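Chemist: Counting in the working numbering, the sequence shown runs from 1126 upward without gaps.
The C-beta atom is built at its ideal place from N, Cα and C for all residues, glycine as well.
All values reported here derive from a predicted model rather than from experimental measurement.
If you scroll down you'll find the structure; I have some questions about it.
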Amino acid sequence: MTQTSITRSWVASANGHTDFPLQNLPLGVFSVNGSAPRSGVAIGEHVFDLEAALDAGLFDGAARTAVEATRGGQLNAFFELGREARVAMRERLLELFVEGSTLHGKIEAQGARLLPLAANCVMHLPAKINDYTDFYVGIEHAQNVGKLFRPDNPLLPNYKYVPIGYHGRASTIRPSGTDVRRPKGQTLPAGQAEPTFGPCARLDYELELGIWIGQGNDMGDAIPIGDAADHIAGFCLLNDWSARDIQAWEYQPLGPFLSKSFITSISPWVVTAEALQPFRRAQPARPEGDPQPLPYLFDQRDQAGGAFDIELEVLLLTETMREQNLPAHRLTLSNTKHMYWTVAQMVAHHSVNGCQLQAGDLFGSGTLSGPQSGQFGSLLEITEGGKKPIELASGEVRKFLEDGDEIILRARCSRDGFASIGFGECRGKVVPTR
Ligand code: CA
1126 MTQTSITRSW
1136 VASANGHTDF
1146 PLQNLPLGVF
1156 SVNGSAPRSG
1166 VAIGEHVFDL
1176 EAALDAGLFD
1186 GAARTAVEAT
1196 RGGQLNAFFE
1206 LGREARVAMR
1216 ERLLELFVEG
1226 STLHGKIEAQ
1236 GARLLPLAAN
1246 CVMHLPAKIN
1256 DYTDFYVGIE
1266 HAQNVGKLFR
1276 PDNPLLPNYK
1286 YVPIGYHGRA
1296 STIRPSGTDV
1306 RRPKGQTLPA
1316 GQAEPTFGPC
1326 ARLDYELELG
1336 IWIGQGNDMG
1346 DAIPIGDAAD
1356 HIAGFCLLND
1366 WSARDIQAWE
1376 YQPLGPFLSK
1386 SFITSISPWV
1396 VTAEALQPFR
1406 RAQPARPEGD
1416 PQPLPYLFDQ
1426 RDQAGGAFDI
1436 ELEVLLLTET
1446 MREQNLPAHR
1456 LTLSNTKHMY
1466 WTVAQMVAHH
1476 SVNGCQLQAG
1486 DLFGSGTLSG
1496 PQSGQFGSLL
1506 EITEGGKKPI
1516 ELASGEVRKF
1526 LEDGDEIILR
1536 ARCSRDGFAS
1546 IGFGECRGKV
1556 VPTR
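As structure tokens, this is what we get:
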């Protein structure tokens, strides 16, 4: 059964669904009516309850083994099983939900027990995240931010040799919908010699792709670049909320610390590598004069198809806009093609020194801005550090985020001859400091 031959599902809301048609089948962890968190698959407006389906005898063989590993409200053990298990589960899900499936009646007869409405479900983090690493591979963002500080020399000399990253904080990663409490911290007011302490005044978002690690590696062993893609379980959207005033004062010499660790929001559905297969593309050729990647970061197959064409969008909805029933304001329309390094290069680089990656680790790509106005993935870039406020249809202006502002990330993959898929939303509303 090829992806193109499947056009319709008997789940009516899946057909033409913006995010979750039959061709996507992302995994997540949900609860419904106060149940314990359990694993499920998004299809149209519904969530297919994998644990209930297992109990109903809908899986056997390799697919059953795969679904068994999703039990317990965390997908780590399933991620650890790797690609073959994912494919076995996906093949079976396609059989179950394709239009004309012989199991249509059996599934539908169980109604909401097997297919609750997504609107009735609460989403959780899909895995226990032991470690979180934030990269900086969005070269346009790196240049835009670099220009604010070093107009003549925006990129530091290591950028085109090293997939730059730092270790983030896993304990404060939260699923879409979790409020974002304005952090407090030290900042250095302009022209002052000593810092003050108080609520962040320059709260920002960062539009990033999240990367879920599947099979890990033993400490001391590196993951070769040619194998690296097989160590990725799937993808999500990630908002690396950033307190720019705290960041400016604290970041030298070791990089961001408390300016980033107060919360990181992710979209709760894990979009698999298999669902994204039609939207892979060649890594864009490096501009003339750029160095070739060192051999441990270079693989011909990865260069030929290791990048993605995923459209990324950021929307802002203020309290006043909600009260006036105004539509959300689009801040950013960008694309994953602005990644200077592929996800496989990130995995190879992260493990090259023997660092252990484990199933359920999460990477952020770094902010994925485009080169032009309208494509910038943070307010720092859009307002040039607060110098050029944006105007909203409500008459409000913004340099950075105010209390009550909600940021919504979306992603969409489209290609002629293929069903479009999306990631589901990553939302977060700013609430006052405590
Ligand atoms: Ca970031």
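Looking at residue 1380 and ligand 1, is the gap between the Cβ and the nearest heavy atom below 7 Å?
Modeler: No - ligand 1 has no heavy atom lying nearer than 7 Å to the Cβ of residue 1380.
Chemist: Just the residues with CB closer than 5 Å to a heavy atom of ligand 1, in chain order, which are they?
Modeler: That query returns the following residues: 1259, 1331 and 1365.
Chemist: Under three-state DSSP, which class holds residue 1451?
Modeler: Residue 1451: coil per DSSP, three-state reduction.
Chemist: Quick check on the DSSP output: the alpha helix (DSSP H) that includes residue 1428 runs from which residue to which?
Modeler: Residues 1425–1430.
Chemist: What is the rounded straight-line gap between the Cα of residue 1462 and the Cα of residue 1515?
Modeler: Their backbone Cα atoms lie some 26 Å apart in a straight line.
Chemist: With a floor of 3 residues, list each beta strand (DSSP E) that falls wholly inside the region 1283–1342, ordered by position along the chain.
Modeler: Runs of the beta strand (DSSP E) inside the region 1283–1342: 1290–1292, 1298–1300, 1309–1312, 1321–1324 and 1332–1338.
Chemist: Would you say the region 1329–1343 touches the region 1167–1180, given that touching needs at least three Cβ pairs under 8 Å?
Modeler: Touching, no.
Chemist: Between which two residues does the beta strand (DSSP E) holding residue 1248 run?
Modeler: Its beta strand (DSSP E) spans residues 1246–1249.
Chemist: Got a sec, what are the start and stop residues for the alpha helix (DSSP H) residue 1153 sits in?
Modeler: No alpha helix (DSSP H) holds residue 1153; the beta strand (DSSP E) holding it covers 1152–1157.
Chemist: Leaving out the 5 sequence neighbours to the left and right, which residues in its chain are closer than 6 Å to residue 1440 when beta-carbon positions are compared?
Modeler: Cβ neighbours of residue 1440 beyond the five flanking positions: 1453, 1455 and 1533.
Chemist: Residue ranges of each alpha helix (DSSP H) run of no fewer than 4 residues wholly in the region 1135–1196, ordered along the chain?
Modeler: Qualifying alpha helix (DSSP H) stretches, in chain order: 1175–1180 and 1186–1193.
Chemist: Using the DSSP secondary-structure output, state which residues sit across from residue 1556 in a beta bridge.
Modeler: For residue 1556, which the question treats as bridged, DSSP gives the partners 1306.
Chemist: Starting from residue 1379 and walking both ways along the alpha helix (DSSP H), at which residues does that stretch end?
Modeler: Element bounds for residue 1379: n/a, residue is neither H nor E.
Chemist: May I ask which residues mark the beginning and end of the alpha helix (DSSP H) holding residue 1205?
Modeler: First-last of the alpha helix (DSSP H) with residue 1205: 1201–1206.
Chemist: Would you give the residue range spanned by the beta strand (DSSP E) that residue 1260 belongs to?
Modeler: Residues 1257–1260.
Chemist: First and last residue of the beta strand (DSSP E) that includes residue 1369?
Modeler: Where residue 1369 is concerned, there is no enclosing beta strand (DSSP E), although the alpha helix (DSSP H) it sits in stretches over 1369–1375.
Chemist: Below 8 Å on the Cβ atoms is my contact criterion, and I expect residue 1577 with residue 1257 to pass it. Report the Cβ-Cβ distance as a whole number of Å.
Modeler: No information on residue 1577 is available, as it lies outside the stretch 1126 to 1559 that the chain covers here.
Chemist: Look at the Cβ atom of residue 1548, then the Cβ atom of residue 1394, and state whether they are nearer than 8 Å.
Modeler: Cβ atoms of residue 1548 and residue 1394: closer than 8 Å.
Chemist: May I ask you to report which of helix, strand or coil DSSP gives residue 1359?
Modeler: Looking at residue 1359 - three-state DSSP - the assignment turns out to be strand.
Chemist: As a quick exercise: from 1167, 1155, 1447 and 1173, pick the residue whose alpha carbon is nearest that of residue 1546.
Modeler: Ranking the options by Cα distance to residue 1546, first place goes to 1167.
Chemist: Less than 8 Å separating the beta-carbons of residue 1350 and residue 1424?
Modeler: Yes. Within cutoff.
Chemist: Taking the C-alpha atoms as reference points, what is the distance between residue 1228 and residue 1221?
Modeler: Straight-line Cα distance between these residues: approximately 6 Å.
Chemist: At a cut of 8 Å, does the region 1232–1241 reach the region 1282–1297 through at least three beta carbon pairs?
Modeler: Output reads no: the region 1282–1297 does not touch the region 1232–1241.
Chemist: From 1368, 1160 and 1135, pick the residue whose C-alpha is nearest to that of residue 1382; which is it?
Modeler: The candidate whose alpha carbon is nearest that of residue 1382 is 1368.
Chemist: What is the rounded straight-line gap between the Cα of residue 1374 and the Cα of residue 1278?
Modeler: Going by the C-alpha atoms only, they are around 21 Å apart.
Chemist: Do you know offhand how far residue 1218's Cα is from residue 1410's?
Modeler: Approximately 37 Å between the Cα atoms of the pair.
Chemist: If you run the structure through DSSP and keep just helix, strand and coil, what is residue 1459?
Modeler: DSSP places residue 1459 in strand when its eight states are reduced to three.
Chemist: Spatial neighbours of residue 1184 within its chain, please: CB distance less than 7 Å, with the 5 preceding and 5 following residues excluded, ordered by chain position.
Modeler: Answer for residue 1184: 1178, 1192 and 1217, listed in chain order.
Chemist: Taking the Cβ atom as the reference point for each residue, do residue 1188 and residue 1353 lie within a distance shorter than 8 Å?
Modeler: No.
Chemist: With H, G and I counted as helix, E and B as strand and the rest as coil, what does DSSP make of residue 1532?
Modeler: Strand, per DSSP.
Chemist: Helix, strand or coil, according to DSSP, for residue 1446 in the structure here?
Modeler: Residue 1446 falls in the helix class under three-state DSSP.
Chemist: If you draw a straight line from the alpha carbon of residue 1272 to that of residue 1508, how long is it in whole angstroms?
Modeler: Spanning the two alpha carbons is a distance of roughly 13 Å.
Chemist: Does DSSP put residue 1364 in a helix, a strand or coil?
Modeler: Three-state result, residue 1364: strand.
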